[in-house]
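With this note's numbering, letter number 465 in the sequence shown gets 651, and the count goes up by one each step, no holes. For each residue, glycine too, the CB sits at the ideal point set by N, CA and C.
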Amino acid sequence: MLIHFKTNNETFVKKNNNFIIFVFFTLFIYSLFVYVYYQKSHQNAIQQAILSTQDFLRNIEAAQTYFSEDQKKRLLKYHEKGLLDEEMFVPELYSCTYAAKKINQYYNEIRAKEGLSSISLQYIAKNPKNINNQATTEEIELLDRFQRGDITFYKKVFINDLGKETLYYAKAGKPLTKSCLNCHGDPHSAPLAIINEYGPAKGFFGQEGEIRAFSKVLMPLEPFIQIERNVFQTRTVASFLSLLIIFILTFIFLRKEQKEANKFQKVIDTLNEIVIIKTKEEVLSTNRSFLKFFNVNDIKEFQKKYSCVSQVFQTEDESLKIDLNNIDDALIHQLDSLDKSKRIVSMKDGKGELKKLTIKIHKLNETQYVIVFSDITQIKNRADMLEQKANLDSLTGAYSREKFNELYEIEFRRSQRYINSLSLLFLDIDHFKEINDTYGHDLGDQALIQFVKIIQENIRQYDVLARWGGEEFILMLPQTDMSAAFKIAEKLRKQISNHTFETIGTITCSIGVSMLQKNDDIHSLIKRADNALYKAKRSGRNRSIIDF
187 MLIHFKTNNE TFVKKNNNFI IFVFFTLFIY SLFVYVYYQK SHQNAIQQAI
237 LSTQDFLRNI EAAQTYFSED QKKRLLKYHE KGLLDEEMFV PELYSCTYAA
287 KKINQYYNEI RAKEGLSSIS LQYIAKNPKN INNQATTEEI ELLDRFQRGD
337 ITFYKKVFIN DLGKETLYYA KAGKPLTKSC LNCHGDPHSA PLAIINEYGP
387 AKGFFGQEGE IRAFSKVLMP LEPFIQIERN VFQTRTVASF LSLLIIFILT
437 FIFLRKEQKE ANKFQKVIDT LNEIVIIKTK EEVLSTNRSF LKFFNVNDIK
487 EFQKKYSCVS QVFQTEDESL KIDLNNIDDA LIHQLDSLDK SKRIVSMKDG
537 KGELKKLTIK IHKLNETQYV IVFSDITQIK NRADMLEQKA NLDSLTGAYS
587 REKFNELYEI EFRRSQRYIN SLSLLFLDID HFKEINDTYG HDLGDQALIQ
637 FVKIIQENIR QYDVLARWGG EEFILMLPQT DMSAAFKIAE KLRKQISNHT
687 FETIGTITCS IGVSMLQKND DIHSLIKRAD NALYKAKRSG RNRSIIDF
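Next comes the structure, spelled out in structure tokens:
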């Protein structure tokens, strides 16, 4: 069987010239694509740095709230009892920025171990005690904008003294509240040690609602740029190799006449994949796998049964619907941008059996295309069955413990690398054994199913819920600090206790909460959440407890 490639009586020289023009044009387009993608990768790096900075500041604010409130109460208590004098007064122990400095130090210790540059955190003010925090003219204007409420944050990218790109991120400080005025209000009623240490001339005292400073973070962009650059380089090389393959194939078909076409036919006939060579108007050639699949002897017999290949595509399922009579660069690009698992079409073979096949389209030249179908019916059916069995709990539909461990390890490493918050919730239905003993295992199973449904309806799409075993479940909360995790735990606990379960009535649950800490490994974070759950059950059940 011959391949009917078009020659159009063109001379070899003209074909060669056209090929050279095609190569240069494609490389030009590819260069533009690489340039645009490079710029996009740089913007992605900046966006990741901003998200990391925002997460860093959220942790700083949480630490300040946790630390400073208790210390301020002790300061006022000692002052009222006359137990605090200037010699006993240690400003660092009562400063609102002390906890922030400790967290910043902790972050930088981790970054130093990973060979990363330090994150700089300052509290910029007009009249700071620390001269290093003195606002510049530009920062004074920025502070005024924060005070007026024009903006709540400000960001820019600049080159530091070492020639490195750095993110400058500023966030408005919290306005002074009534509780702040215990120390920052009237200098005549504040603790004497504070007055002597700071004094009104140093800008320590203020009024309610005043924004006295803003958080300034200098985040090195180099780690984020390097990550994006590695991805950029990998994809650029891969795409270039794809282009190179297309150039080689095109060159072969332009340089070789009928003899080379026959050799190519012998090659594709050895493939198990279905191969079609066509123009927009007609099928030029196929291989033996195509003829065997459709149970025909040649293309003409196939065309008597079907007007075109697209006619045999099945449209009742979620497979791709492609018009192979209108192949263009946009369609090829659309397919190339899809993961292989998404490039699936459904067709019935010559025996009428429905088959699943992946599709790939290569452009040979300006008029001809190679379409490759790979039959993955058995593989996909088995993979779908195994994936569902392995990934999901057969009763509740939550993730299985094995799948959770897989997802948890990925998220744990990512959170450590980017210094993101990560929290875990261990949930256990209270007195579930008594429920099974009283109402039977069927109703107990229904309670588990409804329990999971309630949780799934009240968490984010990227949160991960899994059945740990029996009536015990685990919930992973990416980019969630301790305060937010506890609020989520309480919300879920109340949703469960307020729900009326069929026949059983109301049930309660106990929840243990933990957040990723400096010294945690992949096992200790789970262990701490489990310990917190144990404390919750020992403390009377139907409550949430945090393990610090």
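| Asked | Found |
| --- | --- |
| CB of Leu610 within 8 Å of CB of Pro664, strictly | no |
| Buried or exposed (CB count within 10 angstroms, at least 16 for buried), Ile206 | exposed |
| Extent of the continuous beta strand (DSSP E) to which Val556 belongs | Tyr555 to Asp561 |
| For Glu676 and Gln642, the rounded distance between their alpha carbons | 15 Å |
| Cut-off 8 Å between Cβ atoms - residues of its own chain near Ser437, not counting five sequence neighbours on either side | According to the sequence as given, residue 437 is Phe; it is not Ser. Within the same chain, Phe437 has close Cβ partners Phe205. |
| Three-state secondary structure (DSSP) of His519 | helix |
| Proximity below 8 Å, CB of Tyr293 to CB of Phe242 | yes |
| Between the CA atoms of Ala670 and Gly630 - distance to the nearest angstrom | 31 Å |
| Beta-carbon proximity of Met405 to Thr352, cut-off 8 Å | yes |
| N-terminal and C-terminal residue of the beta strand (DSSP E) that His548 is part of | Leu540 to Lys549 |
| Close-in-space but distant-in-sequence residues of the same chain around Gln720 (CB under 8 Å, 5 per side omitted) | Strictly speaking, residue 720 in this sequence is Tyr, with Gln absent from that position. Answer for Tyr720: Gly698, listed in chain order. |
| Cβ pair count under 8 Å reaching 3, the stretch 228 to 236 against the stretch 406 to 414 | yes |
| Alpha-carbon spacing of Ser135 relative to Leu572, whole angstroms | There is no way to answer for residue 135, as the model of the chain reaches only from 187 to 734. |
| Spatial distance of Tyr354 from Ile518 (CA atoms) | 42 Å |
| Span of the beta strand (DSSP E) around Ser700 | Cys695 to Met701 |
| Cross-strand partners of Gly655 (DSSP beta bridge) | Glu658 |
| CA-to-CA distance, Ala584 to Val531, given in whole angstroms | 29 Å |
| Cβ contact check for the stretch 416 to 427 and the stretch 328 to 335: 3 or more pairs under 8 Å | no |
| Cβ-Cβ separation, Ala633 to Phe590 (assumed contact under 8 Å), whole Å | About 21 Å separates the two Cβ atoms, so there is no contact after all. |
| Residue nearest to Cys494 in terms of C-alpha spacing, selected from Asp515, Phe418 and Lys466 | Lys466 |
| Ranges of the alpha helix (DSSP H) found wholly within the stretch 627 to 656, counting only runs of at least 4 | 627 to 642 |
| Contact belief for Leu524 with Ile557 at Cβ below 8 Å, rounded distance in angstroms | Leu524 to Ile557, Cβ: 15 Å. No contact. |
| Spatially closest choice to Lys452 from His228, Ser475 and Gly726, by CA coordinates | Ser475 |
| Range covered by the alpha helix (DSSP H) that runs through Tyr354 | Segment Glu351 to Ala358 is the beta strand (DSSP E) holding Tyr354; no alpha helix (DSSP H) there. |
| C-alpha gap between Gly626 and Thr689, whole angstroms | 11 Å |
| Cβ-based burial, Ile485 [other Cβ within 10 Å; buried from 16] | buried |
| Cβ-based neighbour list, His548, same chain, cut-off 6 Å, excluding 5 preceding and 5 following | Val556 |
| Nearest-angstrom Cβ-Cβ length linking Lys704 and Ile296, presumed shorter than 8 Å | 7 Å |
| Option nearest Lys526 by Cα separation, candidates Ile463, Ile545, Val209 and Ile693 | Ile545 |
| Cutoff 7 Å; reference Tyr340; Cβ partners in own chain excluding five residues on either side | Leu328 and Ala356 |
| Start-to-end residues for the alpha helix (DSSP H) that takes in Thr686 | From DSSP, Thr686 is part of no alpha helix (DSSP H); its letter is neither H nor E. |
| N-terminal and C-terminal residue of the beta strand (DSSP E) that Ser306 is part of | Ser306 to Ala311 |
| Endpoints, the beta strand (DSSP E) within which Tyr340 is located | Phe339 to Ile345 |
| Inter-residue CB distance, Met662 and Glu597 (contact presumed, cutoff 8 Å) | 6 Å |
| Given Ser303 as reference, the closest of Pro409, Asp535 and Leu430 once Cα atoms are compared | Pro409 |
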